[in-house]
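Protein chains in written order, with my numbering: chain A, 12 to 207; chain B, 73 to 402.
What follows is the structure, encoded as structure tokens:
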């Protein structure tokens with residue numbers, strides 16, 4: 012992208028803008044305009060510092076670090092310290108777990124979340140998966156798109172899309188186990204609450 | 073085989089969980105567009121600044137070498153840096169302005185050399201010839217920047233590319249905010265719209281890389297590509313009225329001593345038609361018949377009529393989509 016490749020820029024923007032927006036939105040109290048401004052400032056700051064990105068952390072994690080600082084700056088500007096939103100995924104413990112999604116850790120996972128927290132955590136897991144795995148899983152299982160439609164959206168062949176879906180499923184299961192310390196089936200049961 | 077045939081218990085659990093969780097929230101199209109524009113502008117500024125710094129380093133090295141050896145100019149030329157001429161303005165029917173290296177806009181005439189890094193703005197139609205063999209035509213109200221010897225960034229208006237099949241110069245890319253267009257031997261137009269681009273293919277195939285992925289357009293197709301990546305496909309005939317502006321600014325064919333066959337090939341290409349000979353005899357006559365005189369000021373259609381009248385060949389049906397050449401009297 013630093014060589015001026017327009018296609019690389021478009022890929023970068025398409026990959027990270029929606030995920031960062033979802034990252035920022037709950038942290039600015041659900042204010043869509045504020046989330047837009049924070050993410051714009053984040054991406055501009057990231058572009059300016061891209062040459063200094065060394066790859067020690069996943070690119071999305073690095074962008075999230077910048078975004079957190081932008082959220083703090085934004086709230087400070089509005090003098091809304093008291094309204095600052097602290098999410099469960101912002102705890103040091105959970106941040107470490109999210110950082111380890113690319114390489115699952117064996118530490119004891121946190122537990123005991125509300126349904127809303129679980130829903131947001133699972134969506135955060137989708138956003139943290141590499142290679143657009145989160146997108147293809149959502150397209151396939153939430154939107155009901157066919158493999159052919161996914162292949163077309165990604166500009167790849169049908170076999171490649173099937174293979175990508177298989178890898179996405181594996182990565183999603185592993186990431187859930189890392190975050191919740193439970194199998195996908197157990198997480199699913201937890202979503203229905205103790206009565207089910 | 074449908075993908076439902078491959079549905080496994082693995083899918084069922086994931087599907088149930090993800091449906092329970094629901095779709096992730098998406099930013100609005102307006103917010104996406106606004107942020108994209110702001111971040112893209114920042115990125116372009118960064119890239120330009122890096123190029124400028126890189127140029128400065130290159131020039132510093134060149135200056136140091138100059139003290140030790142001759143040939144710095146050749147070295148700089150080999151590095152293909154900004155300022156290297158790569159095209160010539162062949163023709164314009166009004167004002168064409170060029171700005172080089174941050175300097176003011178200057179009106180240029182036919183014969184002016186255009187270099188990497190130059191910005192071009194045209195209130196008129198114009199025809200350019202790149203050194204790598206590709207011919208460009210620009211419509212009124214067009215502005216673009218030559219980014220590299222095989223790449224330009226289109227900001228407004230329309231650019232028509234004519235790259236003859238089989239020439240070594242095939243690689244060429246037009247970048248826009250809505251996507252990049254690349255091809256393999258073809259005639260096509262990229263026209264900027266407020267919310268995207270139209271890519272019309274008169275001959276050959278082009279690939280459009282946009283936010284929505286990669287799309288290939290073939291002869292007779294027009295793609296409407298939005299800045300958000302949506303693509304709509306339409307039909308456009310190679311002889312459609314849409315191409316009239318391209319024909320109107322076509323550089324003149326040098327008739328003197330040219331074989332009739334070369335002229336017919338040029339006329340067919342300029343009018344978006346295929347060339348065919350009814351018989352081997354007609355083809356042999358076209359190859360051996362030498363032309364004399366000039367067709368300056370004539371449109372390709374008018375030139376075709378005028379030139380053929382002086383030869384032993386005729387068109388079977390002058391208005392057909394195929395230029396079928398026959399021997400007069402057959």
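All C-beta atoms, glycine included, are put in the ideal place defined by N, C-alpha and C.
Please confirm if residue 156 of chain B has its CB atom under 8 Å from at least one CB of chain A.
-> Counting from one through the second chain, the residue named residue 156 of chain B turns up at place 84. Cβ-Cβ to chain A under 8 Å: no for residue 156 of chain B.
With distances taken Cα to Cα, identify the nearest neighbour of residue 154 of chain A among B/90, B/359, B/267 and B/218.
-> Taking the first residue of the first chain as position 1, residue 154 of chain A is located at position 143. It is B/90 whose Cα lies nearest to the Cα of residue 154 of chain A.
Which of helix, strand or coil DSSP assigns to residue 364 of chain B = Mapped onto the second chain, residue 364 of chain B falls at position 292. Of the three classes helix, strand and coil, the one that applies to residue 364 of chain B here is coil, per DSSP.
Same chain, Cβ closer than 7 Å to residue 114 of chain A, neighbours up to 5 away in sequence not counted = Position 103 of the first chain, counted from the start, is the residue given in the question as residue 114 of chain A. Any answer about residue 114 of chain A is weak, because its pLDDT of 40 lies below 50 and its placement is not dependable; what the coordinates show is given next. Within the same chain, residue 114 of chain A has no close Cβ partners at all.
By a C-beta neighbour count over all protein chains shown, 10 Å radius and 16 as the cutoff for buried, is residue 333 of chain B buried or exposed?
-> The count along the second chain starts at 1 and reaches residue 333 of chain B at position 261. Buried.
May I have the straight-line CA-CA distance separating residue 125 of chain A from residue 201 of chain A, to the nearest angstrom?
-> Taking the first chain and counting its residues from 1, one reaches residue 125 of chain A at position 114. Taking the first chain and counting its residues from 1, one reaches residue 201 of chain A at position 190. Spanning the two alpha carbons is a distance of roughly 9 Å.
For the region 279–288 of chain B against the region 249–262 of chain B, are there 3 or more C-beta pairs whose distance is under 8 Å?
-> yes
Residue 83 of chain A (DSSP reduced to helix, strand or coil) = Stepping through the first chain from its first residue, residue 83 of chain A is reached at position 72. Helix at residue 83 of chain A.
Inter-residue spacing [alpha-carbon to alpha-carbon] between residue 184 of chain A and residue 148 of chain A | Along the first chain, one-based indexing puts residue 184 of chain A at 173. Along the first chain, one-based indexing puts residue 148 of chain A at 137. Between residue 184 of chain A and residue 148 of chain A, the C-alpha separation is close to 12 Å.
Three-state secondary structure (DSSP) of residue 64 of chain A | By 1-based counting over the first chain, the position of residue 64 of chain A is 53. Three-state DSSP puts residue 64 of chain A in coil, outside helix and strand.
Closer than 7 Å at the beta carbon, the chain B residues around residue 32 of chain A = For the purposes of this step, residue 32 of chain A is taken as residue 21 along the first chain, with counting starting at 1. What residue 32 of chain A touches in chain B: 99.
Taking Cβ positions only, does residue 70 of chain A come closer than 8 Å to chain B?
-> Position 59 of the first chain, counted from the first residue, corresponds to residue 70 of chain A. No - not a single Cβ of chain B is within 8 Å of the one on residue 70 of chain A.
Using the beta-carbon count (16 or more within 10 Å), is residue 203 of chain B buried or exposed?
-> If you number the second chain from 1, residue 203 of chain B lands on position 131. Under this definition residue 203 of chain B is an exposed residue.
Take residue 57 of chain A as the anchor and find which of B/291, B/112 and B/221 has the nearest alpha-carbon.
-> Reading the first chain from its first residue, position 46 is the one you call residue 57 of chain A. Comparing Cα positions, the closest option is B/112.
Could you have a look at residue 314 of chain B and say whether DSSP puts it in helix, strand or coil?
-> As a first step, residue 314 of chain B is located in the second chain; it is residue number 242 there, counting from the start. Residue 314 of chain B falls in the helix class under three-state DSSP.
Cutoff 7 Å; reference residue 243 of chain B; Cβ partners in own chain excluding five residues on either side | Mapped onto the second chain, residue 243 of chain B falls at position 171. Excluding residues within five positions, the ones whose Cβ falls inside 7 Å are 222.
State whether the region 126–134 of chain A contacts the region 156–168 of chain A, with contact taken as three or more CB pairs (one from each stretch) at a distance under 8 Å.
-> no
Per-residue contacts from residue 85 of chain B into chain A (C-beta, under 7 Å) = Along the second chain, read from residue 1 onward, the residue named residue 85 of chain B stands at position 13. Simply 195, 196 and 199.
Would you call the CB atoms of residue 197 of chain B and residue 317 of chain B closer than 8 Å?
-> Here residue 197 of chain B refers to the residue found at position 125 of the second chain. Here residue 317 of chain B refers to the residue found at position 245 of the second chain. In this structure, residue 317 of chain B lies closer than 8 Å to residue 197 of chain B by Cβ.
Quick one: residues in its chain with C-beta nearer than 8 Å to the C-beta of residue 47 of chain A, no 5 flanking neighbours on either side, listed in chain order?
-> Taking the first residue of the first chain as position 1, residue 47 of chain A is located at position 36. Around residue 47 of chain A: 32.
Would DSSP call residue 349 of chain B helix, strand or coil?
-> Along the second chain, read from residue 1 onward, the residue named residue 349 of chain B stands at position 277. Of the three classes helix, strand and coil, the one that applies to residue 349 of chain B here is strand, per DSSP.
Any Cβ of chain B within less than 8 Å of the Cβ of residue 134 of chain A?
-> Along the first chain, one-based indexing puts residue 134 of chain A at 123. Yes, contact with chain B.
Closest residue to residue 330 of chain B among B/358, B/177, B/101 and B/185 (Cα-Cα distance) = The sequence position of residue 330 of chain B within the second chain is 258, counting from 1. Measuring from the Cα of residue 330 of chain B, the nearest candidate turns out to be B/358.
Note down, in chain order, each residue of its chain lying with its Cβ closer than 8 Å to the Cβ of residue 343 of chain B, except the 5 sequence neighbours on either side.
-> As a position in the second chain, residue 343 of chain B is number 271, starting the count at 1. Same-chain partners within the cutoff: 311, 319, 372, 373, 376 and 395.
Buried or exposed: which applies to residue 13 of chain A, given that a residue is buried once 16 or more other Cβ atoms fall within 10 Å of its Cβ?
-> Position 2 of the first chain, counted from the start, is the residue given in the question as residue 13 of chain A. Exposed.
In angstroms with no decimal places, state the Cα-to-Cα distance between residue 63 of chain A and residue 176 of chain A.
-> Locating residue 63 of chain A in the first chain gives position 52, counting from the first residue. Locating residue 176 of chain A in the first chain gives position 165, counting from the first residue. If you take the alpha carbons of residue 63 of chain A and residue 176 of chain A, they lie about 33 Å apart.
Taking all protein chains shown into account, decide if residue 93 of chain A is buried (16 or more other Cβ within 10 angstroms of its Cβ) or exposed.
-> In the first chain, residue 93 of chain A corresponds to position 82, counting from 1. Here the model assigns residue 93 of chain A a pLDDT of 47, short of 50, so the residue's position is not dependable and the matter cannot be decided.
For residue 436 of chain B, I'd like the list of residues in its chain whose CB is within less than 7 Å of its CB, leaving aside the five on either flank, ordered along the chain.
-> No statement about residue 436 of chain B is possible, as the shown extent of chain B runs from 73 to 402 and does not include it.
What is the residue span of the beta strand (DSSP E) that residue 217 of chain B lies within?
-> Within the second chain, numbered from 1, the residue matching residue 217 of chain B stands at position 145. Counting along the chain, the beta strand (DSSP E) containing residue 217 of chain B begins and ends at 214–220.
Residue 90 of chain B CB to nearest chain A CB: under 8 Å?
-> Locating residue 90 of chain B in the second chain gives position 18, counting from the first residue. Yes, residue 90 of chain B lies at the interface with chain A (some Cβ there is under 8 Å from its Cβ).
Listed by chain order, chain B residues near residue 18 of chain A by CB distance under 7 Å | Stepping through the first chain from its first residue, residue 18 of chain A is reached at position 7. Result: 252 and 281.
To the nearest angstrom, how far is it from the Cα of residue 182 of chain B to the Cα of residue 362 of chain B?
-> Taking the second chain and counting its residues from 1, one reaches residue 182 of chain B at position 110. Taking the second chain and counting its residues from 1, one reaches residue 362 of chain B at position 290. Between residue 182 of chain B and residue 362 of chain B, the C-alpha separation is close to 28 Å.
Assuming residue 262 of chain B contacts residue 282 of chain B under a Cβ cut-off of 8 Å, what Cβ separation, rounded to an integer in Å, is found between them?
-> In the second chain, the residue the question calls residue 262 of chain B occupies position 190. In the second chain, the residue the question calls residue 282 of chain B occupies position 210. Wrong, their Cβ atoms sit about 12 Å apart, outside the cutoff.
Identify the contact partners of residue 191 of chain A in chain B, using a Cβ-Cβ distance below 8 Å as the criterion.
-> Along the first chain, one-based indexing puts residue 191 of chain A at 180. Here the premise fails: no neighbours, minimum Cβ distance about 11 Å.
Determine the direct distance from the alpha carbon of residue 260 of chain B to that of residue 160 of chain B, and round the result to whole angstroms.
-> On the second chain, position 88 is the one that residue 160 of chain B refers to. On the second chain, position 188 is the one that residue 260 of chain B refers to. One C-alpha to the other measures close to 20 Å.
Could you list the residues in the region 158–179 of chain A with a C-beta less than 8 Å from some C-beta on chain B, going in chain order?
-> 158, 159, 163, 164, 165, 166 and 173
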